[in-house]
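Below: the structure, in structure tokens.
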Amino acid sequence: MSYLQYLFDPNSWTGSGGLGIRVGQHLLYSLIAVAIAAVIGVPIGMLIGHTRRGRVIVLGLANSFRAIPTLGLLILVVLLTQTSWIPVVCVLGVLALPPLLTGTATGIMQADQEAVRAARGLGMSGGQVLMRVEMPLAMPLVIAGLRSATLQVIATATVAAYVPGVGGLGRTILDGIPPRNYGEVLAGAILVAVLAIVIDIVLALVGRSFSRHLRLKPPRLTALTTAPTPAAEEQEQAAA
Numbered sequence: 003m004s005y006l007q008y009l010f011d012p013n014s015w016t017g018s019g020g021l022g023i024r025v026g027q028h029l030l031y032s033l034i035a036v037a038i039a040a041v042i043g044v045p046i047g048m049l050i051g052h053t054r055r056g057r058v059i060v061l062g063l064a065n066s067f068r069a070i071p072t073l074g075l076l077i078l079v080v081l082l083t084q085t086s087w088i089p090v091v092c093v094l095g096v097l098a099l100p101p102l103l104t105g106t107a108t109g110i111m112q113a114d115q116e117a118v119r120a121a122r123g124l125g126m127s128g129g130q131v132l133m134r135v136e137m138p139l140a141m142p143l144v145i146a147g148l149r150s151a152t153l154q155v156i157a158t159a160t161v162a163a164y165v166p167g168v169g170g171l172g173r174t175i176l177d178g179i180p181p182r183n184y185g186e187v188l189a190g191a192i193l194v195a196v197l198a199i200v201i202d203i204v205l206a207l208v209g210r211s212f213s214r215h216l217r218l219k220p221p222r223l224t225a226l227t228t229a230p231t232p233a234a235e236e237q238e239q240a241a242a
């Protein structure tokens, strides 16, 4: 129980180096990194999934990023740029990119092709098919990619503490190691795990709401898949 005293001590949550500030910093780094990865990865994934072009090369290259050692890349970027939180967020964004890009592209490629063909038969442009049919159908996999990326970033953001002047819960863990303050180390580790679990639950609820929303609107998809194409209408008129 003594190891948990630091976590539940009100004094540990106050001040510039308190747990409250460290949690906020950890969340800020993680959210910015995921946002950067989403701005880059989701549009590229949409383009690849919709056109089916370059998917082998781009997705293979994105998946190869998973093999990059995060700590080594972080140290390299910091040495080449400057010591601040910006390179930390950029490195974490590289880590979050593959799940988002892969999830978006795979979700669009696995969208119901009957609905896609029917939408095109109704005269929708490529952009309309992508935004109105393919993306809504792909949202479960997009959310799954977002969940995976967010969990990886939250867990890996602890390496930000290796950069001088950068906070986060990793700083709490590192600060507790030299003096063997295992209560501080345990507090940082527990909070990282709690953050990951809470964020994952929130994103899971968001994904479930998207799935429920799609299930509640079957007439729209049914209308698309059952609507006759212009060629079919001509055949029916000729037969009549």
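First residue of the sequence shown? That's 3 in the numbering used here, and the numbers climb one at a time after it. Quick reminder that beta carbons are idealized off the backbone N, C-alpha and C, glycines included.
Starting from the C-beta of residue i, find all residues in its chain whose C-beta is less than 6 Å away, skip the five residues before and the five after it, and write them out in chain order.
i	result
M141	F212
I201	T152
G190	L171, T174 and I175
Does DSSP put residue i in a helix, a strand or coil?
i	result
V243	Any property of residue 243 remains undetermined from this structure, which presents the chain solely from 3 to 242.
D202	helix
D11	coil
S32	helix
F149	According to the sequence shown, residue 149 is Arg rather than Phe. DSSP places R149 in helix when its eight states are reduced to three.
S86	coil
L124	coil
V168	coil
Q130	helix
K106	Going by the sequence as given, residue 106 is Thr instead of Lys. Helix at T106.
P232	Low confidence applies to P232: its pLDDT is 49, below 50, so where it sits in the model is not reliable, and the reading given next is rough at best. The answer is helix: DSSP assigns P232 an H, G or I state.
T174	helix
A113	coil
T72	helix
P101	helix
M3	Unreliable placement is indicated for M3, whose pLDDT of 48 sits below 50; no coordinate value is reported for it.
R182	coil
Quick one, are the C-beta atoms of residue i and residue j less than 8 Å apart?
i	j	result
L99	G43	yes
Y5	A159	no
V187	G178	yes
V155	V36	yes
H28	L197	yes
T72	L33	no
Can you list, in chain order, the residues of its chain whose CB lies under 8 Å from that of residue i, leaving out five sequence neighbours each side?
i	result
L76	P89, V90, V93, V161, A162, Y164 and V165
G22	W15 and T16
L61	I50, L103, T104 and A107
V25	L171, L193 and L197
V208	I145
Rounded to whole angstroms, what is the Cα-Cα separation between residue i and residue j?
i	j	result
G51	V144	12 Å
R182	I110	50 Å
P180	T53	54 Å
G105	A121	23 Å
P138	A113	9 Å
R119	G170	49 Å
R55	T174	46 Å
L193	N65	29 Å
Y8	S127	59 Å
A39	Y184	34 Å
R210	L82	43 Å
I46	L63	13 Å
N13	I70	39 Å
I199	G20	21 Å
D11	W87	28 Å
H215	Q130	19 Å
S150	R134	25 Å
A195	I59	35 Å
E136	G123	15 Å
V41	S18	32 Å
Grab me the residues of residue i's own chain with a C-beta within less than 7 Å of its C-beta, minus the 5 sequence neighbours each way, in chain order.
i	result
G147	P101, L102, T104, G105 and T106
R68	P100
G125	none
R57	I50 and A107
G95	A35, I38 and A39
A157	V194 and A198
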